Each structure stands twice: as C-alpha cells, then as structure tokens.
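Quick note: the sequence shown uses full-length UniProt numbering, first residue 1, plus one each step. Built from N, CA and C at the ideal position, the CB exists for glycine as well. In this text, all values refer to a predicted model and were calculated from it rather than measured experimentally.
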Amino acid sequence: MRRKFATDYKCSVDADAELGDYNPEDHPEGYLNQYRFAPGQTADFGKKVAELHAMHRGQTPAEAEFNFLDHAKRLDMYGVELFPAKDGKGLPIGIGVNSYGMVIFHEGSKINEFAWATIMKISFKKKHFYVQIRLGDQHVS
1 MRRKFATDYK
11 CSVDADAELG
21 DYNPEDHPEG
31 YLNQYRFAPG
41 QTADFGKKVA
51 ELHAMHRGQT
61 PAEAEFNFLD
71 HAKRLDMYGV
81 ELFPAKDGKG
91 LPIGIGVNSY
101 GMVIFHEGSK
111 INEFAWATIM
121 KISFKKKHFY
131 VQIRLGDQHV
141 S
C-alpha cells in the first residue's frame, strides 16, 4: 500500500511540476486522462493523482520535489538495488543493497536489515553467498 501511495504522490508532483498549481478552472475533471504516468493507469489512479495534485497548491516545483523525496526516503525500497536470491531453506528472497547497508525482503516485505558497520565479511563460494554480521560482542554468519 505504501508503494502505491508513493507512486500516486510522485505522479502528483510530476503533474504539479508540469501543469503548475491545481486550478479547478484550468484543470476540469479528467484533466489527467491525456497523460500516461504509469503502465496500466486507471481512471481511479488519475482521480487520486488529481486529488494529491490539488494538495500541492502553493508549492513551488522545488518544494514539491523536496516533499516527495522526504517521504520517499522512508520507504523500504527507496534507493535499494534488489537482487533475487534464496535463503538457507530455498525460499525466494530479495537481497537489497543501499547506502545504509543490506536489506532482506521476502514477498515484498522487509524482514531484516544490516548496517554496513555491522557487516564483518562478505564472501561467496560457487553459488553460495555469505555475510558475517557483528552483533555486539558476538559474530553471526
């Protein structure tokens, strides 16, 4: 749900930057139908983007972009490069890498994260990938 809102919000920022402040006279119902913001865009999606576009009224494009980035940086997938993998039990997971460290996802949800400062060693052997983590005075592999 948070990812969908981020998409709606980003599209409303794009509309604000492209079309300027929302104005009911200049932006009648369905005014976004001619724009393609996302694949498979629906009329409901356009309505939600229009509602959010109206909320940006009075913001400069720079302020709208700043507010989007301020919101986006809190999302689990923001800035993450995701790689498909399998855990020790053979279940599909995603290993994400970002400026903070490594993030582990299962079925689209974050299940764990490790800051770079806690990662002691990263290695691989054939198709196996190993990460050694420091937890306080303990070491976990």
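Counting C-beta pairs with one atom in each stretch, the stretch 39–59 and the stretch 13–23 have three or more that are closer than 8 angstroms, which means they touch.
Take Leu82, set aside five residues on each side of it, and the residues of its chain with a beta-carbon closer than 6 angstroms to its own are Gly94 and Gly96, in chain order. Gln132 and Lys121 have their C-alpha atoms some 5 angstroms from each other. Every beta strand (DSSP E) stretch that sits fully inside the stretch 30–110 and reaches 3 residues is listed by chain position as 81–86, 92–97 and 101–106. Taken atom to atom, the span from the alpha-carbon of Gly90 to that of Gln34 is near 45 angstroms. Put simply, the stretch 67–83 touches the stretch 97–117. At least three CB pairs are less than 8 angstroms apart.
A straight-line Cα-Cα distance of about 12 angstroms links Ala6 and Asp14.
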